Each structure stands twice: as structure tokens, then as C-alpha cells.
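Each residue of the sequence shown is one higher than the last, beginning at 471 in the numbering used here. All remarks here apply to the structure that follows.
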Amino acid sequence: MKINSIIKQSFHTINVNDPIDKALDMMDKFDINGMPVVNDKDALVGMIVKADIYRFMIHPGHYVSCPVEWVMSKEVILAQSDEDLLVVANRLRKNDIISMPIVENDNIVGVISIEDLLDYFINID
Numbered sequence: 471m472k473i474n475s476i477i478k479q480s481f482h483t484i485n486v487n488d489p490i491d492k493a494l495d496m497m498d499k500f501d502i503n504g505m506p507v508v509n510d511k512d513a514l515v516g517m518i519v520k521a522d523i524y525r526f527m528i529h530p531g532h533y534v535s536c537p538v539e540w541v542m543s544k545e546v547i548l549a550q551s552d553e554d555l556l557v558v559a560n561r562l563r564k565n566d567i568i569s570m571p572i573v574e575n576d577n578i579v580g581v582i583s584i585e586d587l588l589d590y591f592i593n594i595d
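This is the structure we're talking about:
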């Protein structure tokens with residue numbers, strides 16, 4: 471089965487220059503743990519997750535108004551929309567990440583998370 475058959479078509483991105491408090495607000499609002507980071511041309515430039523933000527904010531002198539770019543992962547692990555579901559699941563696990571963008575022709579078409587895969591495997595809609 472291909473990953474594009476289970477990805478949710480609605481997903482959220484955040485701009486590289488947005489503050490990290492906006493990222494946290496969006497993740498809380500949409501009940502997600504990570505989002506792709508895009509530049510002003512909507513090109514994928516990173517990935518941000520709650521855990522990385524929290525680790526960053528623990529250190530004294532870090533403020534919630536710092537830009538997403540300071541915290542995001544710049545080496546994005548991603549999947550192509552036509553890849554096999556188990557291959558993508560294995561990539562998430564091997565890289566110890568909770569979500570990754572799904573791309574098609576260099577455009578983000580969705581995001582897959584560990585929760586999405588678990589829901590699929592236990593047949594929850």
C-alpha cells in the first residue's frame with residue numbers, strides 16, 4: 471500500500487520567520503506534534519516539533535518570540551507520496567522522529583505521523 475492512500479489532505483505549515491510561540495499555538499490548536507517549515511515561496515526548508523521547542527526553551531535566555539528557524543530541523547527526512555507505507559513507517563522509526571512531510575514533485579502534499587500510522591494499523595478512522 472502506498473503512503474498517499476492514508477495521508478490526511480489537510481495539513482499545516484509554518485513560515486521559517488514565524489515565532490516559535492506561534493508554532494506551539496498552531497500545534498496545540500490543531501492537535502499535532504510537528505509541522506513542515508516553509509520559506510516565503512512555500513518551499514520546504516525544515517521541520518519543527520514540540521519536543522525540540524521545549525528543549526530549546528529550557529535554556530535560560532530563550533524566549534518564545536525567537537524565530538522557528540532557530541529551532542527547526544534543517545535536514546528534513548521526508549517521504550515521496552508513492553512510497554510503500556511500511557517503508558515510510560520504518561523510516562520514521564529508524565530516524566526516531568514523530569512525523570514527516572510527504573512530497574510529490576517537490577511540493578508538500580501531506581504529513582504522516584506515528585499516530586496516523588498507528589490509527590491505520592488498528593483501523594481507527
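Every residue, glycine too, gets a C-beta built ideally from N, C-alpha and C. Small disclaimer: the values here were computed from a predicted structure and weren't measured.
Annotation for I518: the continuous beta strand (DSSP E) segment containing it runs 514-519. Per DSSP, reduced to three states, the secondary structure at I572 is strand. For V557, the enclosing alpha helix (DSSP H) covers residues 555-564.
A549 is not a Cβ neighbour of R563, given a cutoff of 8 angstroms. In the pairwise beta carbon analysis, the stretch 518-538 is classified as not touching the stretch 582-595: fewer than three pairs are separated by under 8 angstroms.
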